[in-house]
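Numbering (the working numbering), first residue to last: 40 to 436.
Read the structure below first, then the notes.
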């Protein structure tokens, strides 16, 4: 069982703040400050370039890949860290298309995160006019698994509402039609149990700065199923995905196994920060985290609906159908969220009218939820959001 009081004590949580935005950026693990500082002084500072060997910098991408892999049900040796999520989306979709060369349609839904759609669209346009990105409503995905679809690309948990796709069922249905699957786990990893191996998924990608608390700009990860890894083309043939990077051959030969999915130089500072976060995650059982997450989200929904009738639930009411977040609709959602933030409850806004709150049991408890409900109710019931300063849109919402 996970000791949530112990894990909460391992994060820096600013005084007077209730942080309900870990689904966008996780808080700072206390150990990360010293860990990164030590790395900078004792490894980068003292070892300089010899740190790649002496401090094991090059091995961090794979070692941390396995630690993340435990949380997403991946087989050991089939997850590697590096680059950004956008890069990994491109890489996964391109590699999946290569496995299905006679088909030219990528199927997704309009609940997918926009960057996934942008990256797929850009890739397909570069391949030719006969390729198509087909986008349907989330509830219509299964009915659109047709024989011309090459790749099904979905984000498991909708970033706006928290609605969860059934990975097991959709993967089975897609593969029965000869379709290769790509799952984006940006709002799943660290939020709910994932079983990539058990679901027989083909590819998965995700980021580590949300629920995994790796820090702003923390690297992404990519998973490739064992049955594909020795034949898949990396698509982005970076030098660290080469079979022998330091042979400096002019011809590309893919590396062995998941190593071929590396692209650029590992972000060592960010990987070091992520190590500190994963030390906390190593103390956590995902089933316990999930059960507590549903409990906290249900408590929040009940409190908001009892005290804030102006807000309309946008997330599934059934906790099993919802990720580790709760969204409410309000016609002045941006202004209302800014007023709530000004009172010390940090959530975020997603256009056009979504007020979004994330619940991470590693550092959020019942007391935080009840206090947040009271503050939000005060903002809503007293129209504290209806001020000009709260309606000025910032660059990041």
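Heads up, the beta-carbon is just placed ideally off N, CA and C, and yes, glycines get one too.
DSSP-derived helix/strand/coil call for residue 370: What you label residue 370 is simply residue 331 of the chain shown in a count that begins at 1. If DSSP states are grouped into helix, strand and coil, residue 370 belongs with coil.
Residue nearest to residue 186 in terms of C-alpha spacing, selected from 349, 146, 109: In the chain shown, the residue the question calls residue 186 occupies position 147. Cα-wise, what sits closest to residue 186 is 146.
Range covered by the alpha helix (DSSP H) that runs through residue 72: For the purposes of this step, residue 72 is taken as residue 33 along the chain shown, with counting starting at 1. It spans 69-77 - the alpha helix (DSSP H) in which residue 72 sits, taken as one unbroken run.
Which of helix, strand or coil DSSP assigns to residue 260: The residue given as residue 260 occupies position 221 in the chain shown. Correct three-state label for residue 260: strand.
Cα-Cα separation, residue 75 to residue 139: Taking the chain shown and counting its residues from 1, one reaches residue 75 at position 36. Taking the chain shown and counting its residues from 1, one reaches residue 139 at position 100. Straight across, the Cα-Cα distance linking residue 75 with residue 139 is about 43 Å.
Alpha carbon of residue 98 to alpha carbon of residue 106, nearest angstrom: Start at 1 with the first residue of the chain shown, and residue 98 comes out as number 59. Start at 1 with the first residue of the chain shown, and residue 106 comes out as number 67. Approximately 13 Å, taken between the alpha carbons.
Bridge partners - residue 204, DSSP secondary structure assignment: Indexing the chain shown from 1 puts residue 204 at position 165. In DSSP, residue 204 forms no bridge with anything.
Cutoff 6 Å; reference residue 361; Cβ partners in own chain excluding five residues on either side: Indexing the chain shown from 1 puts residue 361 at position 322. Contacts found: 201, 354, 355.
Pair within 8 Å by beta-carbon distance, residue 228 and residue 245: Here residue 228 corresponds to residue number 189 of the chain shown, with the count starting at 1. Here residue 245 corresponds to residue number 206 of the chain shown, with the count starting at 1. Cβ distance < 8 Å, so residue 228 and residue 245 count as in contact.
Selection from 406, 414, 430 that minimises the alpha carbon distance to residue 44: For the purposes of this step, residue 44 is identified with residue 5 of the chain shown, where counting begins at 1. Checked all of 406, 414, 430; the closest Cα to residue 44 is 406.
Cβ-based burial, residue 292 [other Cβ within 10 Å; buried from 16]: Numbered from 1 along the chain shown, position 253 holds the residue referred to as residue 292. Exposed is the call here.
DSSP-derived helix/strand/coil call for residue 237: Here residue 237 corresponds to residue number 198 of the chain shown, with the count starting at 1. Reduced to three states, the DSSP call for residue 237 is helix.
Nearest-angstrom Cβ-Cβ length linking residue 117 and residue 271, presumed shorter than 8 Å: Here residue 117 corresponds to residue number 78 of the chain shown, with the count starting at 1. Here residue 271 corresponds to residue number 232 of the chain shown, with the count starting at 1. Contact doesn't hold; Cβ gap of about 11 Å is too wide.
Identity of the residues DSSP links to residue 339 by a beta bridge: Your numbering for residue 339 matches position 300 in the chain shown. None; residue 339 has no bridge partner.
Residue environment, residue 282, which counts as buried when at least 16 other CB atoms sit within 10 Å: On the chain shown, residue 282 is found 243 positions in, with the first residue counted as 1. So residue 282 counts as exposed.
6 Å CB neighbourhood of residue 67 in its chain, flanking five on each side removed: Position 28 of the chain shown, counting from 1, holds the residue named residue 67. Answer for residue 67: 51, listed in chain order.
Local Cβ density within 10 Å of residue 195, reported as buried at 16 or more and exposed below that: Sequence index remark: in the chain shown, residue 195 carries index 156 (1-based). With 16 or more Cβ atoms within 10 Å of its Cβ, residue 195 is classed as buried.
Reduced DSSP secondary structure (H/G/I, E/B, other) of residue 40: What you label residue 40 is simply residue 1 of the chain shown in a count that begins at 1. Here residue 40 sits in coil by DSSP.
Beta-bridge partners of residue 172, as assigned by DSSP: Your numbering for residue 172 matches position 133 in the chain shown. Note: residue 172 sits in a beta bridge opposite 145.
Nearest-angstrom beta carbon gap, residue 386 and residue 395 [assumed within contact, 8 Å]: In the chain shown, the residue the question calls residue 395 occupies position 356. In the chain shown, the residue the question calls residue 386 occupies position 347. So it is a contact: roughly 6 Å between Cβ atoms.
Secondary structure of residue 189, DSSP reduced to three states: Along the chain shown, one-based indexing puts residue 189 at 150. Three-state result, residue 189: strand.
Contacting residues, own chain, Cβ-Cβ under 7 Å from residue 90 (five flanking each side not counted): Translated into the one-based positions of the chain shown, residue 90 becomes position 51. So the list reads 82, 83, 96, once near-sequence residues are dropped.
Three CB pairs or more closer than 8 Å across the region 126-137 and the region 147-164: yes
Local Cβ density within 10 Å of residue 110, reported as buried at 16 or more and exposed below that: Position 71 of the chain shown, counted from the start, is the residue given in the question as residue 110. Its Cβ being crowded by 16 or more others within 10 Å, residue 110 is buried.
Cα-Cα separation between residue 326 and residue 314, rounded to whole angstroms: Translated into positions along the chain shown, residue 326 becomes position 287. Translated into positions along the chain shown, residue 314 becomes position 275. Computed Cα separation, rounded: 22 Å.
Inter-residue CB distance, residue 189 and residue 136 (contact presumed, cutoff 8 Å): One-based indexing of the chain shown puts residue 189 at position 150. One-based indexing of the chain shown puts residue 136 at position 97. Correct: roughly 6 Å between the Cβ atoms.
Distance between residue 259 and residue 247 (C-alpha atoms, nearest Å): For the purposes of this step, residue 247 is identified with residue 208 of the chain shown, where counting begins at 1. For the purposes of this step, residue 259 is identified with residue 220 of the chain shown, where counting begins at 1. Approximately 6 Å, taken between the alpha carbons.
Alpha-carbon to alpha-carbon, residue 46 and residue 317: Numbered from 1 along the chain shown, position 278 holds the residue referred to as residue 317. Numbered from 1 along the chain shown, position 7 holds the residue referred to as residue 46. Roughly 11 Å between the two C-alpha positions.
Where residue 298 falls, given that 16 or more other Cβ within 10 Å makes a residue buried: Numbered from its first residue, the chain shown carries residue 298 at position 259. Classification of residue 298: buried, given that the 10 Å Cβ count is 16 or more.
In chain order, each alpha helix (DSSP H) run of at least 4 residues that lies wholly inside the region 51-119: 69-77, 90-93, 99-110
Span separating the alpha-carbon of residue 350 from that of residue 417: For this step, residue 350 is matched to residue 311 along the chain shown. For this step, residue 417 is matched to residue 378 along the chain shown. Approximately 13 Å between the Cα atoms of the pair.
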